[in-house]
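Structure first, commentary second.
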Amino acid sequence: MESGDRYGVAGHGTDGYGGDGAVPPPPSHAPSVGPPPPGASLRAAAAALLNMTGLGLGYALLGRWGRAAVCWAATAVLLWVALPADPDGVPAGVLVGYLFVLVAAAVDGGRIARRSAAGGAWRPGMAVGLGVVLLAVPAGGAVVYGSARDEAREQMLLERLEAGDQRVATASRQPFGTAKGEYGKALDVYRALGEDHPGSRAAKLVPDRLKAYYDAVSAPYAKKQHCEAVAPLTYLRTLPGSVDRKLLGELAAWPDTPLAESLYACGVSRLGGAGGSSGGGGDELGELLRTFPESASAQQVAPAIDERIKDQVAALKGADPCTATQVLRGLGATASRLPDESVKKLRADADEGVVDGVYACGTDQFKDEKFGAARTTLTDFARTYKSDGRARQARNIAIAAEIADDRPAAGKRLPPSKRPGGARMELVISNDAPNTVEVLYTGPVTGTVTLKACAGCERYSALEGPRRACRASGRNYPKARLQLPAGEYHFLYKHGTGATARVDSYSSGTRVQPGYTYTSCTYVIERSPFDLDLPLLPDPVQPVVSPWGAGSSR
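Position one of the sequence shown corresponds to residue 1315 (the working numbering), numbered consecutively onward.
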């Protein structure tokens, strides 16, 4: 388009231009001084708008290709930095720098267009319209880029969600104690997505993921592994303290019932363990009664312990009363430690069963020929429960067990619980040993006697003992007199005060028959001075008819 303004130089020709009549071309640029050419403002607006598009079109219309190249380079740098879209968007410094370039190009393009005529034929009004239209390109690009950036952010959050899912999957294949750290990291992911990005697609999936998370952590409960479930369910119960309850929803209160059930089931399964410790269910049942005292599970504790006590009391008559006694001890200890008075009262029932159980256990050990254990058990019974009517019989069985430990024939049957009637035969036991002697006997009757040390008595050789023992004229040997019903007896001679470690106990047996008076002599036989383990002749006097003897070697 040509401008309607004309500029010329006065001449001498008749036509007012040059002498030769030629018409000079219009200048390509407005003069640097003087008023701007007509339409300059419209041209300046068009150039500014076209440069604001970031494409340098204002400079292109003005023929300023170098400046246009600068705009193209700036736009290229922006696209290189911005694409592909990043969740964090374009760095602020790059964006500010680019906007500065656009503003500078718009101002500069407007300035140049205002002072210069545009090259070529173009309409400023149409250029302004084109600039307005082309401004939609960067604006639309910004909108599209924002959408792409939002999608990139959504994908990033979805990837975080997937990473949390992977941690849960990994942790679910390990014991809770080992996997607790992984579970914690996964929870941090879900919590951050739900609380920091509530409107994201990933956040909308968090509730379902939390449900799966709870299912994974509480898997032992679903498998009815109640003892293993206590720790993870306790952990889940603490989560409302660190995670927004709105995010957890119904899951916040869900662990209470499963935890109560697991504490009950685990505690009951361990009832009767030693000492009422965790092995006896005390820890789990105590936690249940303290934490969920009104729960249905807590109401079952007392009946469960009561039933278990009754079962074990009945088991005392079975094949393994010793085990039943130990279980009763554990039940009593557990009941006494629990924070519920109705449960504590059950201790008395368990203790009553223990008394019967100790006696039954010792008797069973004797029958099973575990004579050492039977002696210990029944000696403790007689010492602990002195007022019990079975204390005397317990001592008798303990005596028979000690004899049978050295002479198994003494353990063929339990000592009679009642003394037999009928005639009694006297047995006089004399001590020809320089040390005290305790004599244990069992048969139709059972008991012990202790003989004082014999003053002036000495040890004998193996050959001298049967011939010289208890035969010194005028010597007053310590004696014990027993009145024994007829029957088979077993004796154990235990050398006590005054004896050395080289003196052995000695056992023997005999049958007491009606119409006889029996005597027995205990003495010590010296071994060879060289401590050779030489064979000894058996006691030449057998305790069958009067007199009869007994000796101890070494």
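Beta carbons are placed, not taken as given, at the ideal position from N, Cα and C, and that holds for glycine. From a predicted model like this one, the values you see are computed outputs, not experimental measurements.
Element boundaries [alpha helix (DSSP H), containing residue i]
| i | result |
| --- | --- |
| Asn1710 | 1705-1720 |
| Gly1676 | 1660-1681 |
| Leu1599 | 1596-1605 |
| Gly1760 | For clarity, residue 1760 is Thr in the given sequence; the question names Gly instead. That residue, Thr1760, is in no alpha helix (DSSP H); it is neither H nor E in DSSP. |
| Glu1542 | 1540-1552 |
| Asp1570 | 1570-1583 |
Short Cβ contact (9 Å threshold) for residue i with residue j
| i | j | result |
| --- | --- | --- |
| Arg1505 | Ser1556 | yes |
| Arg1622 | Leu1599 | no |
| Pro1489 | Ser1532 | no |
| Ala1610 | Leu1603 | no |
| Leu1806 | Ser1821 | yes |
| Leu1765 | Thr1836 | yes |
| Leu1475 | Ala1516 | yes |
| Tyr1673 | Arg1704 | yes |
| Leu1562 | Leu1573 | no |
| Val1826 | Tyr1791 | no |
| Pro1635 | Cys1580 | no |
| Asp1620 | Asp1663 | yes |
| Thr1762 | His1809 | no |
| His1511 | Leu1471 | yes |
| Ala1526 | Asp1558 | no |
Inter-residue spacing [alpha-carbon to alpha-carbon] between residue i and residue j
| i | j | result |
| --- | --- | --- |
| Arg1727 | Ala1715 | 10 Å |
| Ala1783 | Ala1767 | 14 Å |
| Asn1710 | Phe1685 | 13 Å |
| Ala1545 | Glu1683 | 46 Å |
| Ala1688 | Gln1679 | 5 Å |
| Leu1754 | Ala1800 | 17 Å |
| Leu1851 | Phe1695 | Residue confidence for Leu1851 is low, a pLDDT of 32 falling below 50, so the modelled location carries little weight; the figure read from the coordinates is stated next. If I take the Cα positions, the gap works out to 40 Å. |
| Ser1866 | Ala1747 | With a pLDDT of 45 at Ser1866, under the threshold of 50, the predicted position of this residue should be treated as unreliable, and no value is reported. |
| Ala1566 | Gly1508 | 15 Å |
| Ala1633 | Lys1624 | 16 Å |
| Gly1671 | Pro1617 | 22 Å |
| Arg1481 | Ala1466 | 23 Å |
| Glu1496 | Gly1380 | 59 Å |
| Pro1534 | Gly1587 | 23 Å |
| Lys1700 | Gln1707 | 11 Å |
| Gly1823 | Thr1760 | 13 Å |
| Arg1780 | Thr1756 | According to the sequence provided, residue 1780 is Pro. The question's Arg does not apply to it. Going by the C-alpha atoms only, they are around 24 Å apart. |
| Ala1723 | Phe1606 | 59 Å |
| Ser1301 | Thr1693 | As displayed, the chain neither begins before 1315 nor continues past 1868, which places residue 1301 out of reach and without an answer. |
| Gly1770 | Ser1787 | 13 Å |
| Val1520 | Asp1597 | 35 Å |
| Trp1394 | Leu1413 | 16 Å |
| Val1872 | Arg1785 | Any answer about residue 1872 is impossible in this case: the structure gives the chain only from 1315 up to 1868. |
| Gly1736 | Leu1660 | 47 Å |
| Ala1536 | Ala1485 | 16 Å |
| Tyr1378 | Val1391 | The question names Tyr, but residue 1378 is Arg in the sequence shown. Spanning the two alpha carbons is a distance of roughly 21 Å. |
| Val1337 | Trp1386 | Since pLDDT at Val1337 reaches only 48, below the 50 mark, its modelled position is unreliable, and no value is offered. |
| Ala1638 | Glu1608 | 32 Å |
| Glu1542 | Thr1698 | 40 Å |
| Thr1648 | Val1627 | 16 Å |
| Arg1733 | Leu1796 | 14 Å |
| Ile1743 | Asp1702 | 32 Å |
Contact with chain C by residue i, beta-carbon distance below 9 Å
| i | result |
| --- | --- |
| Ile1711 | Looking for chain C here will not work: only one protein chain is present. |
Residue i, enclosing beta strand (DSSP E) - first and last residue
| i | result |
| --- | --- |
| Pro1635 | Where Pro1635 is concerned, there is no enclosing beta strand (DSSP E), although the alpha helix (DSSP H) it sits in stretches over 1635-1651. |
| Ile1623 | No beta strand (DSSP E) holds Ile1623; the alpha helix (DSSP H) holding it covers 1615-1629. |
| Val1753 | 1751-1756 |
| Phe1805 | 1801-1809 |
| Tyr1699 | Looking at the DSSP string, Tyr1699 is not in any beta strand (DSSP E), and its letter there is neither H nor E. |
| Glu1840 | Glu1840 -> no beta strand (DSSP E), and no H or E assigned at all. |
| Arg1559 | Unbroken run through Arg1559 is the alpha helix (DSSP H), 1559-1562; no beta strand (DSSP E). |
| Arg1738 | 1738-1745 |
Option nearest residue i by Cα separation, candidates the options
| i | options | result |
| --- | --- | --- |
| Val1641 | Leu1585, Asp1654, Tyr1699 | Leu1585 |
| Ala1483 | Leu1472, Lys1499, Met1470 | Lys1499 |
| His1540 | Ser1583, Ser1514, Ser1486, Tyr1832 | Ser1583 |
| Gly1794 | Thr1833, Val1421, Gly1757, Asn1749 | Residue identity differs from the one stated: residue 1794 is Ala in this sequence, not Gly. Considering only alpha carbons, the answer is Thr1833. |
| Val1615 | Arg1523, Glu1772, Ser1656 | Ser1656 |
| Gly1725 | Pro1758, Thr1698, Glu1752 | Pro1758 |
| Thr1831 | Leu1471, Ser1486, Met1739, Ala1664 | Met1739 |
| Pro1729 | Val1627, Ile1713, Asp1719, Ala1737 | Ile1713 |
| Asp1719 | Ala1477, Ala1776, Thr1690 | Thr1690 |
| Arg1523 | Gly1491, Ala1477, Lys1494 | Ala1477 |
| Ser1775 | Lys1732, Glu1840, Val1410, Ile1717 | Glu1840 |
| Leu1652 | Ile1717, Met1470, Glu1601 | Glu1601 |
Whole-Å CB distance - residue i paired with residue j, under 8 Å assumed
| i | j | result |
| --- | --- | --- |
| Tyr1528 | Leu1550 | 6 Å |
| Leu1630 | Gly1594 | Incorrect: roughly 19 Å between the Cβ atoms, too far for contact. |
| Ala1388 | Val1415 | 4 Å |
| Glu1473 | Ser1514 | Actually they are not in contact, since the Cβ atoms of Glu1473 and Ser1514 sit about 12 Å apart, beyond 8 Å. |
Residue i CB to nearest heavy atom of the ligand NAD below 8 Å
| i | result |
| --- | --- |
| Gly1594 | The model on display carries no ligand, and the ligand NAD is accordingly not part of it. |
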